[in-house]
Each structure stands twice: as C-alpha cells, then as structure tokens.
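Working notes, beginning with the structure itself.
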Amino acid sequence: MTTVQLATRVPLDDYSAVISAGEVDEMRALAKPLAGRTVQMVNSTAVGGGVAEMLNRIVPLAEELGLNIRWEVMTGGDDFFEVTKAFHNALHGESYHPEPAHFDIFRAYNEQNIRRIPLDAEFIIIHDPQPAGFIQARKQKAGHWIWRCHIDLSHPSPSVWGFLESYVSQYDGAIFSSPQFARQLSVPQYLFYPAIDPLSEKNRELEPEFIMQVLTRYSIDPLRPILTQISRFDRLKDPVGVIRAYRIVRRYFDCQLVLAGGSATDDPEGFEVLKEVKRAAEGDPDIKILELPPWAPLEVNALQRASTIVIQKSLREGFGLTVSEALWKKKPVVASAVGGIPNQIIHKHTGLLAHSVEGTAYQVRFLLSHPEIAARLGEHGHAHVKENFLITQNLKRYLTLFLASHRAL
Amino acid sequence: MTTAEAPFEFFTVAYLTRIGNHSAGTLTELLNGLEHCTDASIFHHTYQTLGTHHYLTEGFSNDFAQWVLADVNRDALAEQLAALDIRDYTSIAALRSDLYRIVRDFVDEHPDFARQEALERFYFCESLQVTLPLGLTAASLDEFHQGVTRLSHSAFYFHFISSRLRLHLRTNDFSHWLANALGLKTLADSINRIDVYTNTLDSARAKLLRLIERERRKHDHGATRDARPAG
C-alpha cells in the first residue's frame with residue numbers, strides 16, 4: 001500500500017474564474033464543519049485511467065479546504081490484476097466462468113493490503129472492485145465506509161457480482177455514475193457524475209495560434225466544416241459507422257472527418273480495428289485518421305475546439321466523458337443514446353441523440369444547416385457541464401456526503 | 410434607508426442524489442411510481458431539477474415531462490406535465506396529486522400508449538438536503554444587494570425557488586423578508602413575479618438586483634428632495 005504523492009496542485013481560487021467566486025465561497029462553507037476530519041481514498045493505480053486522474057485533482061483541493069485526506073493505492077501481483085481485469089470485463093457483461101482459485105487470489109491480496117495499512121479514517125472511500133474487500137478491515141462499525149463504483153453494473157456476470165455483493169452489502173453506501181449503472185442493493189446508493197477538470201490541459205482555453213498549428217500539422221482545412229470523433233480505435237466506438245455517417249453527410253456538405261485516438265501498437269484488437277478504419281477511409285483525403293501519442297491532451301483539446309461538430313457514435317459506452325469535454329468547449333454534439341451519454345446530452349437541449357448511422361448523419365446535416373441551433377446547443381451544453389460535470393461539483397458532492405454522514409453518525 | 414430588526418441570514422444548500430430502487434419503462438409504471446415514490450423523489454424530479462437545469466429556458470420544466478417527451482414520445486402528455494408550475498404549490502403532496510392525476514387521465518384515455526415501452530427507463534431518485542449558513546447577513550437593502558450578488562446558484566435557488574415549501578406560502582425568502590422586515594411590499598411583489606421558467610438563475614438574479622437598484626434610486630431621490638433647503 002502506498003500513499004500517493006501528488007504531482008500537481010491547482011489552488012481552489014483558480015477555479016473562481018470558471019465557476020464564480022460565490023461557488024468557491026460555498027465550497028468553503030460546506031468544508032468548514034469538516035475541518036480536520038480524516039478521509040481516505042483507496043484505489044488500485046496512481047497513474048493512468050480516469051479514477052487516478054480525478055483523485056489527482058480532488059485530493060489536493062480537499063486538502064486545501066482543510067480536510068485531512070490521504071490517497072492510498074493498493075498493491076498486487078500480475079495474478080491479482082489478471083483476475084481483477086477478468087472481473088472488470090465480467091461485471092461489464094462479458095461471459096466469464098471464474099474458478100475458486102480466482103476468488104482466493106482476490107481475497108489474498110485484499111488481506112495482504114489490509115495488514116499493511118491502518119484504515120482508520122472517519123470517511124473511507126473505496127474505489128472500484130479491486131479493493132472492495134478492504135471492508136473486512138472495519139472494526140465494530142467504525143467510520144463511514146462508501147464503495148465508489150466507476151463501472152457500469154447494469155448487466156454483470158452473476159457469479160462475479162454475487163461474490164462482490166457480499167462485500168458491497170457491508171458498506172454504508174455505494175456511489176454510481178448513473179442510475180442505470182446501479183444495482184438493487186440493501187445499502188443506500190448515491191449518484192455522483194464523473195467529472196472533467198476545466199483547468200487541465202485537455203480542457204483549458206487555448207491560444208488560436210496553437211489550434212491553427214495543430215490543424216496545419218494534421219493537414220486539416222480550417223475553412224471547411226470539421227466533424228470529429230475522439231476515441232480509441234475500438235469496435236464499440238464504431239469508427240467505421242462514423243465514416244458511413246460522414247459519407248452520407250458528404251452528399252450535402254463539403255466537410256472533413258477527423259477520427260483521433262491513441263496509438264494501437266500495443267493493442268492487437270485496436271490494430272485490427274485501425275486497419276478496418278483505414279480501409280473504410282481509403283481514397284478520401286478528407287478523412288483524417290490520427291494516431292495520437294498516449295498522452296496528448298493539448299492536441300485533443302485543440303482538435304475538439306477546432307471542430308464544427310463533435311460525434312460520439314459509440315455502440316456501448318461507460319460514461320463517455322469525451323462528450324462533456326466537447327460540450328465544455330461549447331461544441332454541438334451528436335452522440336448515441338448509450339451508457340452515460342443521455343445524462344450529458346439532453347436531446348434537443350444540450351445536443352442531439354441518435355440511434356443509427358442514418359440518424360447520426362441526419363442530425364449532423366441538421367446542425368450544419370442550422371448553425372444558430374448548433375451554437376445554442378453548444379451554449380446549453382457548456383452550462384450543463386458547468387452545473388453537473390466539473391471536478392468542483394464532484395468535490396462538492398463528496399463534501400455533502402461527508403456532511404450528511406457526519407450528521408447521521 | 411430602513412434597517413431591519415431581524416436581519417436576513419443567507420444560507421446555502423447542497424443536495425446528495427440518492428438512487429431509488431424503482432424505475433419505470435411504461436406510463437403505467439410511471440403512474441405507479443408517482444403514487445409510491447417518496448416526497449424527496451417528487452422534489453428531486455421537479456423543484457431540484459429546475460435548479461440544476463436552470464439554463465434551459467425553452468421547454469424544459471421537470472424530469473417527468475422530459476422523459477415523456479424524449480423517451481415515450483407523447484407530446485401532449487409531456488406538455489401537460491411541463492405546464493405544472495412549482496410556484497403554484499406549497500406542498501409536495503399537492504404537486505404529487507396533480508402529477509398523478511394528469512398521468513392517470515392520459516393512461517385511462519389511451520390504454521395502448523400506457524403499455525408502450527419507453528426508449529430508456531425512468532429512474533426514480535431523491536434529493537437529500539444539507540443546508541448551511543454562509544455566515545453572511547443583511548440588515549439593509551444595500552447589504553441585501555451585496556449578499557445576493559455574491560450567492561452561488563444553489564444558495565440563490567434555496568432562497569428563491571425551494572423556499573415555498575419551507576414557508577408554505579406562495580412567495581420566496583427574499584420577498585418575504587423585504588415585505589416583512591423592510592416594509593417594501595411593492596418591491597417584494599415584483600421580485601416574486603420573476604419567472605423562474607423563462608429565466609436562468611443568473612438572469613433571474615440580474616432582474617432581482619435591477620429591481621433593488623431601482624428601489625434604492627427611488628429612496629436616494631426621495632432623500633435628496635427631503636434634504637433640499639426649504640424656501
């Protein structure tokens with residue numbers, strides 16, 4: 001078990017310009033009764049992935065607000081992470097037949113970590129299934145234990161969920177990212193949306209010159225409409241479907257398509273999908289397939305800001321925070337009504353939902369024909385993200401949870 | 410300018426959303442949910458949603474209406490549900506009763522539509538409320554203006570929208586205090602008439618502040634005239 005040293009600290013006051021001084025005052029007021037209270041956040045990785053990214057921002061902000069907060073990362077061998085990866089996929093609905101040994105490995109590493117760290121804070125937030133067994137360390141109902149589930153549990157493998165539920169039911173509550181991701185549980189379930197950081201490199205304002213440089217680097221014409229989908233090359237993101245939708249739109253509008261995602265060199269399936277995408281795009285110089293380096297937040301930011309319309313045509317999705325990233329940049333978004341996307345896209349208010357290739361193409365054509373409606377959707381989308389999907393809102397939800405629990409204790 | 414004996418105390422509110430164990434996939438199931446869900450759930454999907462979607466000033470009123478429109482595709486019913494104005498209610502029971510009546514009448518009249526599966530299910534949630542004083546008070550109109558200027562959306566929402574349920578009156582905390590503590594009934598009435606459905610919280614606040622500024626100018630003008638030397 002390791003206590004994470006935080007790399008970056010952004011002062012809370014820096015957020016005033018984005019969310020207003022009144023909102024920051026309010027966070028201070030909410031935190032005041034919690035000054036000095038101990039909090040532990042526990043997850044399974046310090047770098048990479050949305051949870052670590054979020055904790056990297058939340059923990060220093062909570063510290064600045066006077067909470068005595070620590071972030072712990074559990075350790076495990078390759079065998080543990082192979083098992084938990086299989087559990088993760090099974091909880092997402094993949095077929096899986098676990099062997100008793102798999103559950104033994106899970107238990108053994110959880111117990112090993114419990115022996116190494118005193119879990120003694122007043123509020124303990126355990127993130128995701130990997131450390132769910134830490135609840136066994138709880139002594140005589142001490143503290144307030146919450147399980148934060150970042151994955152979609154709507155169609156889990158019964159065997160893995162049955163095993164996990166025996167732990168989850170011992171917590172004081174569970175947090176889910178969307179009501180449809182939750183299960184029927186005996187403990188209270190809370191809704192915390194995932195969040196983006198408006199001051200991160202992926203979302204902060206950029207100089208127009210930098211955006212132009214990025215467009216030039218990738219030979220994208222700034223004078224013609226740009227349709228963009230940012231996502232890894234994965235069949236569930238349906239990049240070939242996006243190309244088919246673009247080809248329909250092209251009959252009516254002289255536009256370009258940008259498909260940008262991480263490089264697929266270390267992912268055999270991603271490599272295959274990329275080949276399919278390149279084949280589908282063959283012969284059309286207006287389709288730009290960009291393999292971005294693994295960590296290219298400024299390029300992603302620039303491509304989103306340069307876009308006329310952002311598309312997220314996933315067949316299945318977790319929460320799909322790339323939608324919030326685009327909305328934050330006031331972009332009109334056309335997206336599939338899957339996973340957490342309908343939480344972000346309120347149809348005809350903060351963007352447009354579609355259910356097929358043809359539907360996606362139709363909505364894109366509609367927005368290209370009605371730029372004033374596209375602009376209004378973008379404005380509303382920005383306001384929707386500001387109210388619901390920023391990291392400051394996420395911290396506010398934690399403060400509220402601690403206050404509510406504290407009053408109930 | 411008048412100073413109030415009982416100053417206005419600014420509070421803020423934070424809501425924790427609790428996911429319920431009920432959901433609806435048809436209008437019949439929605440009707441059942443409306444009958445059995447908690448008061449906190451009715452509050453969440455009407456009052457609370459108006460606060461968190463305040464920037465949508467065209468056609469968004471409450472979660473029930475939005476679901477019926479977007480996922481059940483019944484425009485006429487959605488319109489009736491959206492037309493309910495939370496300012497007309499001082500109790501959740503009365504609001505629930507009207508929501509229930511509207512859906513029941515539709516279901517009775519259109520039994521085929523009542524069984525039609527929605528595109529997405531409706532999940533009943535509820536709001537758990539935590540209120541806190543901001544440590545900010547106002548005894549005069551000037552101090553009140555300064556306080557309102559600095560409020561967060563939640564704090565403004567708490568005093569201006571959800572206050573009806575606390576006061577059990579068709580008014581809001583601001584108007585109530587202005588009328589009773591400062592005797593400014595006309596100003597209080599004007600503020601109470603600001604439409605929360607066609608304004609965002611920011612534009613409603615801007616209107617409120619303009620009304621206060623007008624009132625202050627009126628008083629300043631009166632004071633100047635009174636201070637003029639006689640003769």
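First to last, the sequence lines map onto chains A and B. Taking our numbering, the leading residue of the first sequence gets 1, the next gets one more, and so forth. Taking our numbering, the leading residue of the second sequence gets 410, the next gets one more, and so forth. The beta carbon of each residue, even a glycine, is placed where N, CA and C say it ideally should be.
Exercise. Exposed or buried, B:THR461, counting other C-beta atoms within 10 Å across all chains shown (16 or more means buried)?
Worked result: On the second sequence, position 52 is the one that residue 461 of chain B refers to. Flag for B:THR461 reads buried.
Problem set entry | Short-range partners of chain B found in the segment 169-196 of chain A, where Cβ spacing is below 7 Å | PHE176, PRO179, GLN180, ALA182, GLN184, PRO188, GLN189, TYR190, LEU191
Exercise. Is DSSP giving A:ASN43 helix, strand or coil here?
Worked result: Here residue 43 of chain A refers to the residue found at position 43 of the first sequence. Reduced to three states, the DSSP call for A:ASN43 is strand.
Problem set entry | Local conformation of A:GLU291 per DSSP, three classes | Taking the first sequence and counting its residues from 1, one reaches residue 291 of chain A at position 291. Residue state, collapsed to three classes: strand.
For this session: Take B:ALA523 as the anchor and find which of B:VAL477, B:SER450, B:GLU444 has the nearest alpha-carbon.
Result: Position 114 of the second sequence, counting from 1, holds the residue named residue 523 of chain B. It is B:VAL477.
Exercise. Does any residue of chain B bring its CB to less than 8 Å from the CB of A:LEU412?
Worked result: Outside the shown range of chain A, which is 1 to 409, sits residue 412 of chain A, and nothing can be said about it.
Exercise. Which residues mark the beginning and the end of the alpha helix (DSSP H) in which A:LEU199 is found?
Worked result: Residue numbering aside, residue 199 of chain A sits at position 199 when the first sequence is read from its first letter. Where A:LEU199 is concerned, there is no enclosing alpha helix (DSSP H), given that its DSSP letter is neither H nor E.
Exercise. Is any beta-carbon of chain B found at less than 8 Å from that of A:TYR15?
Worked result: The residue given as residue 15 of chain A occupies position 15 in the first sequence. Output row for A:TYR15: interface = no.
Exercise. With 16 other CB atoms within 10 Å as the buried threshold, where does A:ALA354 fall?
Worked result: Taking the first residue of the first sequence as position 1, residue 354 of chain A is located at position 354. So A:ALA354 ends up on the buried side.
For this session: Give the range of the alpha helix (DSSP H) segment to which A:ILE58 is assigned.
Result: Residue numbering aside, residue 58 of chain A sits at position 58 when the first sequence is read from its first letter. Start and end: 50-64.
For this session: Output yes if chain B places a C-beta closer than 8 Å to the C-beta of A:PRO342; else output no.
Result: If you number the first sequence from 1, residue 342 of chain A lands on position 342. For A:PRO342, the answer is yes, since a Cβ of chain B falls inside 8 Å of its Cβ.
Problem set entry | Coarse secondary structure for A:VAL4, derived from DSSP in three states | Sequence index remark: in the first sequence, residue 4 of chain A carries index 4 (1-based). It is coil, neither helix nor strand.
Problem set entry | Secondary structure of A:ARG70, DSSP reduced to three states | Looking up residue 70 of chain A in the first sequence gives position 70. Strand at A:ARG70.
Exercise. How would you list, in chain order, the residues of chain B whose beta-carbon sits under 7 Å from the beta-carbon of A:ILE114?
Worked result: In the first sequence, residue 114 of chain A corresponds to position 114, counting from 1. The premise fails here: A:ILE114 is roughly 28 Å from chain B at the closest Cβ pair, so nothing lies under 7 Å.
For this session: Report buried or exposed for A:ASP197, applying the criterion of at least 16 other Cβ atoms within 10 angstroms of its Cβ.
Result: One-based indexing of the first sequence puts residue 197 of chain A at position 197. The residue is buried, with at least 16 neighbouring Cβ atoms inside 10 Å.
Problem set entry | Chain-ordered chain B contacts of A:ASN394 [CB-CB under 8 Å] | Looking up residue 394 of chain A in the first sequence gives position 394. Those within 8 Å of A:ASN394 in chain B number zero; the least Cβ separation is about 13 Å.
Problem set entry | Interface residues of the segment 509-533 of chain B facing chain A [CB-CB below 8 Å] | LEU528, GLU529, ARG530, TYR532
Problem set entry | Chain-ordered residues of the segment 17-39 of chain A with a beta carbon less than 9 Å from chain B | ILE19, SER20, ALA21, GLY22, GLU23, VAL24, ASP25, GLU26, MET27, ALA29, LEU30, LYS32, PRO33
Exercise. Expressed to the nearest angstrom, what Euclidean distance is found between the alpha-carbon atoms of A:VAL18 and A:TYR96?
Worked result: Here the question's residue 18 of chain A lines up with position 18 in the first sequence. Here the question's residue 96 of chain A lines up with position 96 in the first sequence. So the alpha carbons of these two residues sit roughly 45 Å apart.
Problem set entry | Spatial neighbours of A:GLN473 in its chain, beta-carbon cut-off 7 Å, leaving aside the 5 residues before and after | No information on residue 473 of chain A is available, as it lies outside the stretch 1 to 409 that chain A covers here.
Problem set entry | Residues near B:LEU550 in its chain [Cβ-Cβ closer than 7 Å; skip 5 each side] | One-based indexing of the second sequence puts residue 550 of chain B at position 141. The residues are MET410, LEU591, ILE621, GLU624, ARG625.
Problem set entry | B:ILE501, enclosing alpha helix (DSSP H) - first and last residue | Here residue 501 of chain B refers to the residue found at position 92 of the second sequence. 501-518 is the extent of the alpha helix (DSSP H) around B:ILE501.
Exercise. Between which two residues does the beta strand (DSSP E) carrying B:ARG427 extend?
Worked result: Counting from one through the second sequence, the residue named residue 427 of chain B turns up at place 18. It spans 417-433 - the beta strand (DSSP E) in which B:ARG427 sits, taken as one unbroken run.
Problem set entry | Residue from A:GLY359, A:PHE366, A:VAL334, A:GLY340 whose Cα sits closest to the Cα of A:GLY351 | As a first step, residue 351 of chain A is located in the first sequence; it is residue number 351 there, counting from the start. Among A:GLY359, A:PHE366, A:VAL334, A:GLY340, the Cα nearest to that of A:GLY351 is on A:VAL334.
Problem set entry | Within 9 Å of chain B by C-beta, residues of the segment 342-364 of chain A in sequence order | PRO342, ILE346, HIS347, LYS348, HIS349, THR350, LEU353, HIS355
For this session: Counting only the same chain and skipping the five closest in sequence on each side, list residues whose C-beta sits under 7 Å from that of A:ASP221.
Result: Taking the first sequence and counting its residues from 1, the one referred to as residue 221 of chain A is at position 221. Counting only Cβ-Cβ distances below 7 Å, and skipping sequence neighbours, we find GLN256.
For this session: Since I believe B:GLU529 is in contact with A:ALA337 (beta carbons under 8 Å), could you give me their beta-carbon distance rounded to a whole number of angstroms?
Result: For the purposes of this step, residue 337 of chain A is taken as the residue at position 337 of the first sequence. For the purposes of this step, residue 529 of chain B is taken as the residue at position 120 of the second sequence. 7 Å between Cβ atoms; contact.
Problem set entry | Selection of the segment 557-591 of chain B by Cβ proximity to chain A, strictly under 9 Å | THR558, ARG559, LEU560, SER561, HIS562, SER563, ALA564, PHE565
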